[in-house]
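Student: Right, I'll just put the structure down here and ask away after.
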Amino acid sequence: MKRNLKVVLISVSALIVLSFGTLLAIRAVEISKCDSAAVLSEVQETELNSFLETRYQDRNKILKPLPYPVNPVELELGCESAILVDTSNGNILYEKNADRIIPPASMTKLFSMYVVDDAISRGEITYDTEIVPPKESWACNMPPHSSLMFLGRNQKLTISELLAGLSVASGNDAAYALAYTLFGNMPDFVKAMNNVALTYNLPNTHFVESSGYSELNRTTAREMAAFSTVYINQHPDSLENFHGLQSFSYPKQKNLTNGYSVKAQDFSEGLPETITMTITQRNTNPLLGVMDGCDGLKTGYIDESGYNLALTARRHGTRFLSVTMKGPGNNPREGNEWRKKDGTTLMDWAFYSFADFKDMTRVKPYFLRSKGGKEIGVNLIPAFNPGTVTVPFISGNSVEESVQNVEVVTEFPDFLEGEIVRGTEYGKVSFVLEGIVLDSVPLVADRNVTRANIFTRVADSIIYAILK
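Next up, the structure:
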């Protein structure tokens, strides 16, 4: 009996050793050959993204504070409310009473253009879609002293021409034409504009009509800057095609129908229903063609708002955006001088003080092996997309030299051990200048990994000891 038991024990021991040896060999091959984790399922991907959006919601906001401390700066501005941001990452560089609620005036038209661009992206219309201006949009039916592109009876034009008239001449008639062309009425178009504000969490932004003429439209400098940042990033071609145009002429012969020809007209008795005289207007943005890199965005004025300006400029690959509201001025000439002065003060300071570091090649997934886990490894993924890093002028002889001196430091262990929890930070990528961390992006596990059985854990201990 004892002899038989001894034989059984020897046989079982041999079987265990053989099995463990096989497990060890298989595990060693798996570890040595594996250089990427299995692709996440659609459900896993959705759950991961939802988790990261919630956990890092402050970093996923459109606008956010700079991720490093800076000394506050005092800028001499005439406007009552202002904000200055880096459009590539939403970092706020400067603000003054940025949450004061003020009518946007014709900056409202940016939301109108966004609604139209959305309709174009959905294939409902194209830039070349030709329309006949509805009666509600004729210049003669607009409120007194309105900005106009001079729409009228017996005309035809494209959506692209309407957008140009909206952005360059700030035509209220163009705003009405777009509303009635797309939705057949103003309330439904305005509802679409307000839905955009809801989508981007702009609680203090609300519209009652699409041109900006009403003092009941409202926004803040911060929310207008947030929306303008989205608008620029989603529709960058609009800057060249519309907002950057220095002048606009309308109507031309091609826009006239029913045998009408371009000819001079007398408007001293008011605007007629049919307009045949070509009128050339300069862009209402006074800094186009004056400020280096300026290619947008939109002015606005009504008595209740003062002189507003959403301004953007790009130099050396860096784009900044400022919004100034409630600017002073007793007349358009004075108002435009203050727009230029405040806009120049903000942009000159921004481009002297900051520039973008754009090399994000090391902000990427990294494969890490899992010691003692049921899966061979996981991907460490960036918790959020930093866009770029806003670099301050604290190194070298210029802000451009500061950008060149930025160091990218990647930190994560050689492997992970034991249970791994999805979304946990196991490493980071840091951007460092003169010993100061300008920004860092956590690297987090893209999945859960539970501990393997005792045999696999022992096998991994042997393998990793050898690899070490």
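To get our numbering, take the position in the sequence shown, counting from 1, and add 16. Ideal placement from N, C-alpha and C gives every residue a C-beta, glycine not left out.
Pick from N421, I392, I410 and D372: whose alpha carbon is nearest that of G403?
Tutor: The residue with the shortest Cα to Cα distance from G403 is D372.
Student: Which same chain residues end up closer than 6 Å to V45 when comparing Cβ atoms and leaving out the 5 residues on each side of it in sequence?
Tutor: Reliability of the predicted coordinates at V45 is poor, the pLDDT of 48 falling under 50, and no value is obtained from them.
Student: Here's a check: name, in chain order, each residue in its chain whose Cβ is nearer than 8 Å to the Cβ of I482, leaving out the five neighbours to either side.
Tutor: Within the same chain, I482 has no close Cβ partners at all.
Student: Can you give, in chain order, each stretch of the alpha helix (DSSP H) that sits fully within the region 157-232 and has at least 4 residues?
Tutor: With a minimum length of 4 residues, the continuous alpha helix (DSSP H) runs that stay inside the region 157-232 are 175-183, 188-199 and 202-215.
Student: Just verifying my parser: in three-state terms, what is the DSSP assignment at R330?
Tutor: Three-state result, R330: strand.
Student: Could you give the residue range of the alpha helix (DSSP H) that holds R355?
Tutor: Taken as a continuous stretch (DSSP letters only), the alpha helix (DSSP H) holding R355 covers P348 to S369.
Student: Do L255 and the ligand SAH come close, with the Cβ less than 7 Å from some heavy atom?
Tutor: Among the components of this structure there are no ligands whatsoever, and the ligand SAH is therefore not found.
Student: Hey, could you find the ends of the alpha helix (DSSP H) D134 is sitting in?
Tutor: That run of the alpha helix (DSSP H) goes K125 to S137.
Student: Taking 8 Å as the cut-off, decide whether the C-beta atoms of R355 and Y323 are in contact.
Tutor: A contact, by the Cβ cut-off of 8 Å.
Student: Of the residues P288, A155, T340 and L272, which one's Cα is nearest the Cα of L313?
Tutor: Residue T340 is the option with its Cα nearest to L313.
Student: Nearest-angstrom Cα distance between I141 and V206?
Tutor: Near 18 Å, if we compare the C-alpha coordinates of V206 and I141.
Student: Could you check which residue in F283, L68, T103 and T292 has the C-alpha nearest to that of S277?
Tutor: Measuring from the Cα of S277, the nearest candidate turns out to be T292.
Student: Can you have a look at I452 and say buried or exposed, based on whether 16 or more other CB atoms are within 10 angstroms of its CB?
Tutor: By the 10 Å Cβ count, I452 comes out exposed.
Student: Measure the alpha-carbon distance for R238 versus Q250 and round it to whole angstroms.
Tutor: Distance between the alpha carbons of R238 and Q250: 18 Å.
Student: Taking the straight line between their C-alpha atoms, what separation do you get for R385 and S57?
Tutor: Their Cα atoms are separated by approximately 20 Å.
Student: Going by DSSP in three states, E58 sits in which element: helix, strand or coil?
Tutor: Looking at E58 - three-state DSSP - the assignment turns out to be helix.
Student: Can you say whether Y110 is buried or exposed, counting buried as having 16 or more other CB atoms within 10 angstroms of its CB?
Tutor: Flag for Y110 reads buried.
Student: Sort V212, E225 and A329 by Cα distance to L255 and report the nearest one.
Tutor: It is A329 whose Cα lies nearest to the Cα of L255.
Student: Check whether the region 265-272 touches the region 143-153, counting contact only when three or more Cβ pairs, one atom from each stretch, lie closer than 8 Å.
Tutor: Not touching, per the Cβ criterion.
Student: In three-state DSSP terms, what is Y72?
Tutor: Y72 falls in the coil class under three-state DSSP.
Student: Using a Cβ-Cβ cutoff of less than 6 Å, which residues in the same chain neighbour K112 once the five nearest sequence positions on both sides are dropped?
Tutor: Cβ within range, chain order: A98.
Student: CA-CA distance, I358 and V422?
Tutor: The residue asked about is misnamed: residue 358 is Asp in this sequence, not Ile. In a straight line, the C-alpha of D358 is about 31 Å away from that of V422.
Student: Bridge partners for Y442 per DSSP, in chain order?
Tutor: Paired residues: none, contrary to the question.
Student: Pick out whichever of K374, N301, A121 and P203 has its Cα sitting closest to the Cα of H332.
Tutor: Of the listed residues, the one whose Cα sits closest to H332 is K374.
Student: So is H161 buried or exposed if we call it buried at 16+ other beta carbons inside 10 Å?
Tutor: Exposed.
Student: Under the rule that 16 or more other beta-carbon atoms within 10 Å means buried, what is Q262, buried or exposed?
Tutor: When all chains shown are included, Q262 counts as exposed.
Student: How many Å lie between Q73 and V59 at the Cα?
Tutor: Roughly 21 Å separates the two Cα atoms.
Student: Name the DSSP beta bridge partners of F373, please?
Tutor: Partner(s): V405.
Student: Would you call R75 buried or exposed, if buried means 16 or more other Cβ atoms sit within 10 Å of its Cβ?
Tutor: Result: buried.
Student: Under three-state DSSP, which class holds M240?
Tutor: Residue state, collapsed to three classes: helix.
Student: Roughly how many angstroms lie between the CA atoms of Y317 and T360, to the nearest whole one?
Tutor: C-alpha separation (whole angstroms): 19 Å.
Student: Would you call T466 buried or exposed, if buried means 16 or more other Cβ atoms sit within 10 Å of its Cβ?
Tutor: With fewer than 16 Cβ atoms within 10 Å of its Cβ, T466 is classed as exposed.
Student: By the three-class DSSP mapping on this structure, what secondary structure does E146 have?
Tutor: It is a strand residue.
Student: What does the alpha-carbon distance come out to for the pair S29 and N469?
Tutor: Bear in mind that a pLDDT of 48 at S29, under 50, signals an unreliable position, so the model cannot answer this.
Student: Are three or more beta carbon pairs between the region 123-139 and the region 88-107 nearer than 8 Å?
Tutor: At 8 Å Cβ cutoff, the stretches do not touch.
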